[in-house]
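Notes to accompany the following structure.
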Amino acid sequence: MKSKILAGFLVIIIIGFFSGAYVVDETEQAIITQFGRAVGEAKTSPGLYFKVPLIQQANYFPKNLLQWDGDPGQIPTLDKTYIWVDTFARWKIVDPLKFFQTVNNVTSALARLDDILDAAVRNYITSYPLLETVRVTNRKLDTFEVGIGDNQEERITRNISTGRKQIIKQVQEQARPKLAEFGIQLVDVKIKRLNYVEEVQQSVYSRMIAERKQIAEKFRSEGKGEASKIAGNREKELKKITSEAYKISQEIKGKADAEAAAIYAEALGRDPQFYSFIKTLEIYKETMDKNTSLILSTDSEFLQYLKDYGYSGSNLQK
Amino acid sequence: MSWDWDKLMEQKKSSSGGGFGTPPKMDDVLNKLRGAKGRFPGGFKLIILAAVIIILVSSSFYTVDVDEVGVVQRFGRFVRITQPGLSFKFPSFIETVSKVKVRYVFKEEFGFRTVDPGIRTRYASGPTYESESLMLTGDLNVAVVPWIVQYRIKDPYKYLFKVKNIRSTLRDLSEAAMRVVVGDRSINEVISKREEIAGEAAGILQKELDEADTGIHVVTIEMKRTNVPEPVQPSFNEVNQAGQEKEKLIYQAREEYNKVIPAAMGEAEKTIRGAEGYALSLVNRGKGDASRFVALYQEYAKAKDITKRRLYLEAIQEVYPKIGTKYLLDADMKGLLPLLNLGKSEGAKQ
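Just so you know, the sequences run in chain order A and L.
Okay, so the first sequence: first residue is 86 according to my numbering, each after it adds one.
Okay, so the second sequence: first residue is -15 according to my numbering, each after it adds one.
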């Protein structure tokens, strides 16, 4: 009988022992509450712990990095472009006691994060032009750099003064103290997606199309221009080549003409009359042929002997 | 199957690495059980005991595959990492093991999903996937940028314990990193410089993952075909086409140029050579004519009258026979001239 009572006690003790033991996982931290009131320090390191059975309760909170996914929403930028912004943040429960007292659990914490972060993101994105949110640095972009209207020039070459990193930093700075009150450490906030809203998207597409079309046109006209340039060059080269050749050949010929004239003048100058005599004879030889009719008068030198052998010389005289 | 227990225990001891508690010895466990058995005789109790033993034993050893490691927690606290092979631990309510594939390369796809991997892999794309890949470029255009991230778990401890929802954290960080890179690139760069973008995004992502203590190592980021949104694609193709057209026009013009200019240069050379020939011939002839004349003149100067007479008569002699019709007129007869029909043709005369 005594041993049975002892055994019963033993069983109760064992049950009590087991219901009083609790395990804190690597990813967890726990707070012990007694009738809803927190007792002692938070258990932040993993391992086996004991509490008073039945009276005390263990409340677990995650210790690792948690996620918050923003509700993607339309936000107008300073330059009145409506964009979709999808943000996410990572956070940690660093003060489980405060966390437990102020928000109680992760679900309601996420609701607080929604309130604070969505508002902060909206605030800051609204107060900057779109480009500031899109770009991070003033890295020089490689565009086709074609002379388009002022609009485009401005859009592309405008530099950012703040940039996405700074904007996000401001969001974090605004949200951090507010979340610290809940025992939450905001690790960071990031923009996951950023896009134009449907209606804006259509007009952006049309703008992109127009932009490409004019680049295409530019290419075409550049091609034509370049081809015309080459054709013009060809004409010019052609004229240059032929005219230069003409010029050189005329110079050569002129020089030769002059040289020949000098030679002739030098030689023939000795007796111009004799020259015309023999040259004339030569021309006779060349020009007279069977088609030529010749009327000779007996007066001529050639026929002087035809009527008279010339001794009297009287006829000749007559 | 024969187990070399000692050897196995040796291996396990060496691989478990110092520090994190020692695994229970099989012999000890068996001894304890044997001892316990003696205190509880009886059929029903024996069955319960056997069941307990089976549960305890079966949850006391586990195998770790070649590409995994086992992460053992004792009462929630991380105690050790075990390497591939058969390992022992305390029964399940004391020690638990999570297996992490540390050598396996995982893949996350963005902007599409592989539906049917194979030689001709099929991909699915749709509005849901599209929103992952649609992004704004630095020149405020819209680009479609699908990509994949390949990663390995380099630190199983961090991977398991440091971050909740680690896969979606990885996906979110990847998207954010890619958008940061694309946000600083023009649409042209996004389309043409994929390697560069992938490299930079991988760098940013790795940094973020390290900062978040994820224990993930990014093996590579690979960009799929980056493009512009579908409604805009024809206009981009048009630009490419126009570029080709431009080249074509220029080449055609050059062809025309090359066809004409070398020929013209040859022609010019020919003209110049012709002139040079003309010059040579003119001068030479002049010189020849001059020397001939001078030579003749020298003889003529010696006997002017007779030479002149001779030359004259020789010329007459040569010329007169060639002349077709000759009329002799007596110098005394007048008025004959009108009678001559000077215009008559030779044919009519015969």
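Backbone N, C-alpha and C define an ideal beta-carbon position, used for all residues, glycine too.
| Do you know whose CA, among A:I160, A:M373, A:K148 and A:K87, lies nearest A299 of chain L's CA? | A:M373
| message | As a quick exercise: from A:E217, A:G268 and A:V274, pick the residue whose alpha carbon is nearest that of T247 of chain A. | response | A:E217
| field | Proximal chain A residues relative to V164 of chain L, where beta-carbon distance stays under 8 Å | value | V221 and R249
| request: Please report how far the alpha carbon of K138 of chain L lies from the alpha carbon of L271 of chain A, in whole angstroms. | output: 26 Å
| said: If the criterion is Cβ atoms closer than 8 Å, does the pair L202 of chain A and A127 of chain A meet it? | reply: no
| query | Which bits of chain L does Y360 of chain A rub up against, with CB to CB less than 9 Å? | reply | F277 and Y281
| request: Please report the Cβ distance between T129 of chain A and K275 of chain A, rounded to the nearest whole angstrom; I am assuming they are in contact, meaning their Cβ atoms lie under 8 Å. | output: Not confirmed; about 27 Å, so no contact.
| request: State whether the segment 91 to 103 of chain L contacts the segment 140 to 157 of chain A, with contact taken as three or more CB pairs (one from each stretch) at a distance under 8 Å. | output: no
| field | Positions along the segment 129 to 148 of chain L whose CB lies within less than 9 Å of some CB in chain A | value | Y141, L144, F145, K146, V147 and K148
| request: Helix, strand or coil for I132 of chain L, going by three-state DSSP, please let me know. | output: strand
| field | Proximal chain L residues relative to D374 of chain A, where beta-carbon distance stays under 8 Å | value | K306, I307 and G308
| Hey, is Q301 of chain L's beta-carbon within less than 8 Å of any beta-carbon in chain A? | no
| Looking only at its own chain, which residues have a Cβ that is under 7 Å from the Cβ of P68 of chain L, when we skip the five neighbours before and after it? | V48, D49, V50 and E52
| field | Nearest-angstrom Cα separation, counted from K254 of chain A out to V96 of chain A | value | 59 Å
| query | Between T383 of chain A and chain L, is there a C-beta pair that is closer than 8 Å? | reply | yes
| message | Taking a contact to mean a Cβ-Cβ separation below 8 Å, would you say L120 of chain L touches V219 of chain A in this structure? | response | yes
| field | Residues within the segment 146 to 164 of chain A neighbouring chain L, beta-carbon criterion of under 8 Å | value | P147, N149, L150, L151, Q152 and D154
| query | Should E192 of chain L be labelled buried (16 or more other beta-carbon atoms within 10 Å of its own) or exposed? | reply | buried
| request: Could you tell me the distance, in whole angstroms, from the CA atom of G232 of chain A to the CA atom of K298 of chain A? | output: For G232 of chain A, the pLDDT reaches just 43, beneath the cut-off of 50, and the residue's location in the model is therefore unreliable, although a value from the coordinates is still provided. About 13 Å.
| said: Give me the chain L residues within the contact set of G125 of chain A, using Cβ-Cβ distance strictly less than 7 Å, ordered along the chain. | reply: Simply none; closest approach about 18 Å.
| Collapsed DSSP secondary structure at R175 of chain A in the structure displayed | strand
| query | Which stretch, first to last residue, makes up the alpha helix (DSSP H) that contains L154 of chain L? | reply | I150 to G167
| query | Is the distance from the Cβ of D197 of chain L to the Cβ of K277 of chain A below 8 Å? | reply | no
| Exposure of I31 of chain L, with buried meaning 16 or more beta-carbon neighbours within 10 Å | exposed
| task | Only counting runs of 3 or more residues, tell me where the beta strand (DSSP E) segments fall wholly within the segment 154 to 201 of chain A, in order along the chain. | result | 158 to 161 and 167 to 178
| request: Answer yes or no: does any C-beta atom of chain A fall closer than 8 Å to that of D123 of chain L? | output: yes
| query | If you check the beta carbons only, do K73 of chain L and S42 of chain L fall under 8 Å apart? | reply | no
| task | Tell me where the alpha helix (DSSP H) around E283 of chain L begins and ends. | result | Q217 to K286
| task | Taking P147 of chain A as the reference, give the member of L:V128, L:K85, L:M207 and L:G60 with the closest Cα. | result | L:G60
| So with Cβ pairs under 8 Å, would you call D168 of chain L a contact of chain A? | yes
| task | Use the C-beta contact count for G122 of chain L: other C-beta atoms within 10 angstroms, 16 or more gives buried, fewer gives exposed. | result | buried
| message | Using only the alpha-carbon positions, how far apart do F94 of chain A and I100 of chain A sit? | response | 10 Å
| Between G105 of chain A and chain L, is there a C-beta pair that is closer than 8 Å? | no
| What residues in the segment 166 to 194 of chain A have a beta carbon less than 7 Å from any beta carbon of chain L? | F173 and R175
| request: Answer with buried or exposed for N189 of chain A, where buried requires no fewer than 16 other C-beta atoms within 10 angstroms of its C-beta. | output: exposed
| said: Quick check on the burial criterion: 16 or more other C-beta atoms within 10 angstroms. Buried or exposed for E336 of chain A? | reply: exposed
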